[in-house]
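Participant: Pasting a structure here, questions to come.
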Amino acid sequence: MASFAYDSYLDDVSAGTITEGGTYKVMLVTGYTPNQTTHTRLSDVRAFEITGTGYTANGATVVPTFTKDTTNHRQTIVFPTSTWTTSTLSATRAVYYLSTGTDSTSPLVFQNDFGSTVTTTAGTFTLNASTLHVGTPQ
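Residue numbers (the working numbering): 19 to 156.
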């Protein structure tokens, strides 16, 4: 399955639930089969969060950059590289969300499918920067 923005992300942006401010996080998961249409909040994903040495529950805080692209008529959001040093863990996806501190109200933004299980053993797990384009290509 490909990486994608959750459908609810656009609804949340339109409703003002998701803005450029706030605390964004990236959580590593395994065994998760995402549903782009029906998964809307962190509570839909929580059961699939990984555990492992060097990984903290709820994932890592990230500070995305938001850029208005007037050439392509879209917004570009770049989620920066995240690392978990001296880690022993396995994950198949990363799920980005806006943290409210409560799973049932934390909106999902984007999920990044690794294509296979990525594992570290007493090493550094590096999640490369991810770019999300929102809008209609012209």
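By construction, the Cβ of each residue, glycine as well, lies at the ideal position given by its N, Cα and C atoms. On a predicted model such as this, the values are computed, not experimentally measured, just so you know.
Any contact of the stretch 42 to 54 with the stretch 62 to 73, i.e. 3+ C-beta pairs under 8 Å?
Facilitator: Result yes; three or more Cβ-Cβ pairs closer than 8 Å.
Participant: Do V80 and K43 have their C-beta atoms within less than 8 Å of each other?
Facilitator: As a working mapping, residue 80 is identified with position 62 in the sequence shown. As a working mapping, residue 43 is identified with position 25 in the sequence shown. Yes; because the gap between Cβ atoms is below 8 Å, this pair is in contact.
Participant: Return the CA-CA distance between A109 and K86, expressed in angstroms with no decimal places.
Facilitator: Translated into positions along the sequence shown, residue 109 becomes position 91. Translated into positions along the sequence shown, residue 86 becomes position 68. Near 32 Å, if we compare the C-alpha coordinates of K86 and A109.
Participant: Please list, in chain order, all residues of the same chain as H151 whose beta carbon is under 7 Å from its beta carbon, the five residues on each side excluded.
Facilitator: Within the sequence shown, numbered from 1, the residue matching residue 151 stands at position 133. Cβ neighbours of H151 beyond the five flanking positions: R92 and T94.
Participant: Distance check for F22 and G133, CA to CA, integer angstroms please.
Facilitator: Looking up residue 133 in the sequence shown gives position 115. Looking up residue 22 in the sequence shown gives position 4. Between G133 and F22, the C-alpha separation is close to 13 Å.
Participant: Just verifying my parser: in three-state terms, what is the DSSP assignment at Q156?
Facilitator: As a working note, residue 156 is residue 138 in the sequence shown. Any reading at Q156 needs caution, since the residue's pLDDT is 46, under 50, leaving its predicted position unreliable; the model's value is listed next. Coil at Q156, not helix or strand.
Participant: Would you mind sorting N130 into buried or exposed? The rule is 16 or more other CB atoms within 10 Å of its CB.
Facilitator: Residue 130 sits at position 112 when you count from the first residue of the sequence shown. Buried, by the Cβ-count rule.
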